[in-house]
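Chemist:
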Amino acid sequence: MLAGSEGWMSPRMIGEAALISVGAFVLGYVVSMVWPKAHKPQLFGVLAAVTMMAALAYVGSKAAMLAIIVCMGTAVLLFLLGVL
1310 MLAGSEGWMS PRMIGEAALI SVGAFVLGYV VSMVWPKAHK PQLFGVLAAV
1360 TMMAALAYVG SKAAMLAIIV CMGTAVLLFL LGVL
């Protein structure tokens, strides 16, 4: 089931998750550049990116859920490595 044409690891699912992740990154970057520097722009950039992925997952995109899981896993890994 995992390697099937409609499974979690299908090329379409991975492609959708990658596009959603890139879109969230771009949205977060734009928000952090536009947001006033005195009001923590990085925080609001991250919130905008996570909100976009969460909204897509809420309306039923399995790829958005996969993108959220990968982004959260990456954040935990970077935290454990001491980068963040």
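To convert, note that position 64 of the sequence shown is 1373 in the working numbering; the numbers rise steadily by one, no gaps.
The beta-carbon is built from N, C-alpha and C at its ideal position, and this holds for glycine as well.
Keep in mind that this is a model prediction, so the values were computed, not measured.
1) Does the structure place the stretch 1368-1382 close enough to the stretch 1338-1350 that three or more beta carbon pairs sit under 8 Å?
2) Looking only at its chain, what residues have a beta carbon closer than 6 Å to the beta carbon of Gly1324, apart from the 5 residues adjacent to it on each side?
3) On the CB-based measure, 16 or more other CB atoms within 10 Å of its CB, does Ala1333 come out buried or exposed?
4) Who are the Cβ neighbours of Met1374 in its own chain at under 7 Å, not counting the five residues just before and after it?
5) Output yes or no for whether 8 Å exceeds the beta carbon distance between Ala1357 and Leu1336.
6) Have a look at Ala1376 and Gly1391 and give me their C-alpha separation to the nearest angstrom.
Modeler: Inspection of the coordinates gives the following:
1) Touching, no, given that fewer than three Cβ pairs across the two stretches are closer than 8 Å.
2) none
3) buried
4) Scanning its chain for C-beta atoms nearer than 7 Å, with the 5 sequence neighbours on each side dropped, one finds around Met1374 the residues Ala1366, in chain order.
5) yes
6) 22 Å
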